[in-house]
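Peer 1: Protein chains in written order, with our numbering: chain A, 26 to 355; chain B, 26 to 355.
There are 2 protein chains.
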Amino acid sequence: MRIAIDAMGGDNAPEATVEGGLAAAAEWKDTEIVLVGDQGRIEPLLKGKQLPSNLTLRHASEVIDAEDEPVRAVRRKKDSSMVVAGRMVKEQEAHAMISAGNTGALMTTGLLVVGRMEGIERPALAPMIPTLDDLGVLALDLGANMDAKPEHLAQYAQMGSLYRQKVHNIAEPRVGLLNVGTEAGKGNELTKLAYPLLEQLPIRFVGNVEARDVLTGNCDVLVCDGFAGNILLKAMEGTAGAIFSLLKEQFTKSLKTKLAAAMLMPELRGLKNKLDYTEHGGAPLLGLSGLVVKSHGSADANAVKNAVRQARIALQNRLVESISKEISGK
Amino acid sequence: MRIAIDAMGGDNAPEATVEGGLAAAAEWKDTEIVLVGDQGRIEPLLKGKQLPSNLTLRHASEVIDAEDEPVRAVRRKKDSSMVVAGRMVKEQEAHAMISAGNTGALMTTGLLVVGRMEGIERPALAPMIPTLDDLGVLALDLGANMDAKPEHLAQYAQMGSLYRQKVHNIAEPRVGLLNVGTEAGKGNELTKLAYPLLEQLPIRFVGNVEARDVLTGNCDVLVCDGFAGNILLKAMEGTAGAIFSLLKEQFTKSLKTKLAAAMLMPELRGLKNKLDYTEHGGAPLLGLSGLVVKSHGSADANAVKNAVRQARIALQNRLVESISKEISGK
């Protein structure tokens, strides 16, 4: 299989993407890694290194930046590393692409370059949200579409369930609907209409899940519209971040608290890592005709390599084909 | 002025409501407190006490429980303490009512018994969310209406701004719109349409506010639909709660961590109180033709007294009349 890496995407590109690509190529000999990006910047990073035969470089002259307006950037920068990688997937030159670049631009590349899967109305971005049991929950949609119809939520549920089966090897993933109460009749118009649709799907629907229970890991897939999902994730991130800074502030107030805090440091660090929103691997864009994985903007070489691992498992288990079969019956 | 207390509402009723009512009557001689509820249960609690002359009892034979279905309960239990208190406000026998009872039933009492203010399409529940600077932010709507139109959000903004002016004495409250990004074009259909409406209002609109920034207290009023508001509040509550239980678990792992944690206990407790969602007073139901304040279900006597304090300030500063004037121009 062949996996294209947008070598210019992310805060640490191209150093992290090149190093991650090299490590992936070294580990998985059956996988061709294609680094897509500016030859002039990538080649110096490869100089003097033992290049694995399954690693190649594809030149792309442009770069989409974090500040670029997504749709305009994807339309205009046709020779950007991200768009070229997307085109490789579209034209089946690559089986998957990975990018740590501009999230909006990657979703646009998915839609406009790679293309939607037949039968899918709205592709979804599906990151893992950390949970206290360390298993995490796949949440979708987390921002690809701000507004959703009940039918979209039903497709998210199917895609998310298949992803957890195929990539995380969970036989019967528990699918929950993000809502304001656990009873069936609760919610806004969207969730009230989505609930009976989810009940009819060939998935293990566990009903409504309240925002305060997401952290306890009571489902494997959390279905929500992009707006509510963003509010949920940002509220959790913001609260965790604020508490840790407050703890730090309180614990450095005096010599006494400093000493005590030093003794608790391993525990505090463990807790912080548990809730680290950057440590949970890449987020797939589900519902496209090919595999696209969004790696975190601050991804290091190890995160890039992990995204390759994730893409390999999805490809080996024919994730995209399974979703297509489930949705369109083909 | 006369304030009716639903003496049977809340987890600690009628003990806490009676004690809180007594304390309020003792402190504010210009305020008549009416305890509404079951005479047979309230009178024994008053026995042997020096009864202030500004405290009276109004018998009501029924009680709406936490488990009651709101609309049915309000329609059927016409002699419940909550409905009787609401009727007193409707018939101007009381200037305000306070209840720590079933939230859904109280909102229904507001709508069906007290009645909407002319010109208001949807009344809103407006609790304070704690912030790191201890000032808190008034968030509305937090659950009275799951679905909102842009015009509703505009009315929430006006009502919230007036409440902060009149009750909290903030000259120009900063009003923010809960959204997925700070730029003006961000959001779902609802927030995109609401944004220009908020810009045109005679309020200090500070633009979009992301969920992760709510805790930092960058606005005084946070406008959102009831669904998103619930997701926000529950996610914050759930994350804070989970972190504190994890800290507790980590800190009791060994003798060493127990000792260290004991030294940090005052700091930890301070932090926990800072983020305590029950400590921030009662939540007004804004947009009704009279003043209705929801006290927390677990309210103790002090919380009930504080709700009376809050209602007094709102009445003294003619909150309801101000909202009516602003909305309907009357």
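Quick reminder that beta carbons are idealized off the backbone N, C-alpha and C, glycines included.
1. Cα-Cα, which of B:LEU296, B:ASP245, B:THR42 is closest to SER270 of chain A?
2. I need the DSSP call for MET153 of chain A, collapsed to helix, strand or coil.
3. Across the region 195-214 of chain A and the region 241-256 of chain A, are there enough close Cβ pairs to call them in contact, namely three or more that are closer than 8 Å?
4. If you compare alpha carbons, which of A:GLU208, A:PRO95, A:VAL114 is closest to ALA169 of chain A?
5. Let me know the secondary structure DSSP gives ASP93 of chain B once reduced to three states.
6. Would you call the region 228-246 of chain B and the region 184-193 of chain A in contact, with 3 or more CB pairs under 8 Å?
7. Ignoring anything shorter than 4 residues or poking outside the region 130-175 of chain A, list the alpha helix (DSSP H) runs there in chain order.
8. Run through chain A and tell me which residues come within less than 9 Å of GLU262 of chain B, C-beta to C-beta.
9. I'd like to know if GLN275 of chain B contacts chain A, where contact means its C-beta is closer than 8 Å to some C-beta of that chain.
10. With which residues is LEU203 of chain B paired in a DSSP beta bridge?
11. Would a check of beta-carbon distances place VAL205 of chain A closer than 8 Å to chain B?
12. Which first and last residues belong to the alpha helix (DSSP H) in which VAL114 of chain A is found?
13. Could you name the residues of the same chain whose beta carbon sits closer than 8 Å to that of THR56 of chain A, not counting the 5 residues immediately before and after it, in chain order?
14. Tell me the rounded alpha-carbon separation between LYS278 of chain B and GLY161 of chain A.
15. What distance in whole Å lies between the Cβ atoms of THR264 of chain A and ALA265 of chain B, which are believed to be in contact at a cut-off of 8 Å?
16. Considering only the alpha carbon of each residue, which of A:TYR181, A:ALA196, A:GLY135, A:PRO221 lies closest to VAL318 of chain A?
17. In three-state terms, what does DSSP make of ILE228 of chain B?
18. Count the other CB atoms, across all protein chains shown, that sit within 10 Å of the CB of MET290 of chain A; report buried if there are 16 or more and exposed otherwise.
19. Alpha carbons only, please: which of A:ASP36, A:MET33, A:LEU311, A:GLN335 is nearest the one belonging to LEU187 of chain A?
20. If we ignore side chains and look at the alpha-carbon of each, how far apart do SER353 of chain A and ILE30 of chain A end up?
21. Roughly how far, in whole angstroms, is the beta-carbon of GLU262 of chain B from the beta-carbon of ARG237 of chain A, given that I think they are within contact range, below 8 Å?
22. If we require 4 or more residues per run, which alpha helix (DSSP H) segments fall completely within the region 246-300 of chain B?
23. Does any residue of chain A bring its CB to less than 8 Å from the CB of LYS72 of chain B?
24. Could you tell me the alpha carbon to alpha carbon distance between MET301 of chain B and VAL59 of chain A, rounded to whole angstroms?
25. Name, going along the chain, the residues of the region 217-250 of chain B whose beta-carbon falls closer than 9 Å to a beta-carbon of chain A.
26. Could you tell me if SER124 of chain B is buried or exposed, where buried requires 16 or more neighbouring beta carbons within 10 angstroms of its beta carbon?
27. Within the continuous beta strand (DSSP E) that includes SER314 of chain B, where are the two ends?
28. Going by the beta-carbon positions, is the gap between LEU313 of chain B and ARG141 of chain B smaller than 8 Å?
29. Check each residue of the region 165-189 of chain B: if its Cβ is closer than 8 Å to any Cβ of chain A, include it; give the result in chain order.
30. Whether or not the region 84-91 of chain A and the region 111-118 of chain A are in contact is what I'm after, with contact meaning three or more pairs of Cβ atoms, one per stretch, closer than 8 Å; do they touch?
31. Could you give the DSSP three-state label for GLY62 of chain A: helix, strand or coil?
32. Below 8 Å on C-beta distance, what does ALA267 of chain A contact in chain B?
33. Taking the Cβ atom as the reference point for each residue, do ALA267 of chain A and LEU240 of chain B lie within a distance shorter than 8 Å?
Peer 2: Based on what the coordinates show:
1. By one-based count along the first sequence, residue 270 of chain A stands at place 245. Minimum Cα distance to SER270 of chain A is reached at B:LEU296.
2. Residue 153 of chain A sits at position 128 when you count from the first residue of the first sequence. Reduced to three states, the DSSP call for MET153 of chain A is strand.
3. Yes, the region 195-214 of chain A is in contact with the region 241-256 of chain A.
4. As a working mapping, residue 169 of chain A is identified with position 144 in the first sequence. Taking ALA169 of chain A as reference, the option from A:GLU208, A:PRO95, A:VAL114 with the minimal CA-CA separation is A:PRO95.
5. Counted from its first residue, the second sequence places residue 93 of chain B at position 68. Coil at ASP93 of chain B, not helix or strand.
6. Touching, no, given that fewer than three Cβ pairs across the two stretches are closer than 8 Å.
7. none
8. For the purposes of this step, residue 262 of chain B is identified with residue 237 of the second sequence, where counting begins at 1. Those within 9 Å of GLU262 of chain B in chain A are ALA236, ARG237, THR264.
9. Counting from one through the second sequence, the residue named residue 275 of chain B turns up at place 250. Yes, contact with chain A.
10. Translated into positions along the second sequence, residue 203 of chain B becomes position 178. Note: LEU203 of chain B sits in a beta bridge opposite B:VAL234.
11. Counted from its first residue, the first sequence places residue 205 of chain A at position 180. Cβ-Cβ to chain B under 8 Å: yes for VAL205 of chain A.
12. Within the first sequence, numbered from 1, the residue matching residue 114 of chain A stands at position 89. From DSSP, the alpha helix (DSSP H) with VAL114 of chain A extends over 106-115.
13. By 1-based counting over the first sequence, the position of residue 56 of chain A is 31. These residues qualify, in order along the chain: MET26, ARG27, ILE28, ALA49, ALA50, ASN79, VAL333, ARG337.
14. Along the second sequence, one-based indexing puts residue 278 of chain B at 253. Along the first sequence, one-based indexing puts residue 161 of chain A at 136. If I take the Cα positions, the gap works out to 24 Å.
15. As a first step, residue 265 of chain B is located in the second sequence; it is residue number 240 there, counting from the start. As a first step, residue 264 of chain A is located in the first sequence; it is residue number 239 there, counting from the start. Rounded, the Cβ-Cβ distance is 6 Å, consistent with contact.
16. As a position in the first sequence, residue 318 of chain A is number 293, starting the count at 1. It is A:GLY135.
17. The residue given as residue 228 of chain B occupies position 203 in the second sequence. Of the three classes helix, strand and coil, the one that applies to ILE228 of chain B here is coil, per DSSP.
18. Position 265 of the first sequence, counting from 1, holds the residue named residue 290 of chain A. By the beta-carbon neighbour count (other beta carbons within 10 angstroms, threshold 16), MET290 of chain A is exposed.
19. The residue labelled residue 187 of chain A in the question sits at position 162 within the first sequence. Nearest option by C-alpha distance: A:LEU311.
20. Working through the first sequence from its first residue, we reach residue 353 of chain A at position 328. Working through the first sequence from its first residue, we reach residue 30 of chain A at position 5. Cα to Cα, the separation comes out at about 29 Å.
21. Mapped onto the second sequence, residue 262 of chain B falls at position 237. Mapped onto the first sequence, residue 237 of chain A falls at position 212. Indeed, because the Cβ distance is near 5 Å, the residues count as touching under 8 Å.
22. 251-276, 280-299
23. Translated into positions along the second sequence, residue 72 of chain B becomes position 47. Cβ-Cβ to chain A under 8 Å: no for LYS72 of chain B.
24. Position 276 of the second sequence holds residue 301 of chain B. Position 34 of the first sequence holds residue 59 of chain A. The sequence given here has Asp at residue 301 of chain B, not Met. If I take the Cα positions, the gap works out to 52 Å.
25. LYS217, GLU235, ALA236, ARG237, ASP238, VAL239, LEU240, THR241, CYS249, ASP250
26. Walking along the second sequence from the start, residue 124 of chain B turns up at place 99. Looking at its Cβ environment, which holds 16 or more other Cβ atoms inside 10 Å, SER124 of chain B is buried.
27. Along the second sequence, one-based indexing puts residue 314 of chain B at 289. Looking at the DSSP string, SER314 of chain B is not in any beta strand (DSSP E), and its letter there is neither H nor E.
28. Locating residue 313 of chain B in the second sequence gives position 288, counting from the first residue. Locating residue 141 of chain B in the second sequence gives position 116, counting from the first residue. Their beta carbons are under 8 Å apart, which means LEU313 of chain B touches ARG141 of chain B by this criterion.
29. GLY168, MET171, ASP172
30. no
31. Indexing the first sequence from 1 puts residue 62 of chain A at position 37. Strand.
32. By one-based count along the first sequence, residue 267 of chain A stands at place 242. Per Cβ cutoff of 8 Å: LEU157, LEU240, THR241.
33. Mapped onto the first sequence, residue 267 of chain A falls at position 242. Mapped onto the second sequence, residue 240 of chain B falls at position 215. Contact: yes.
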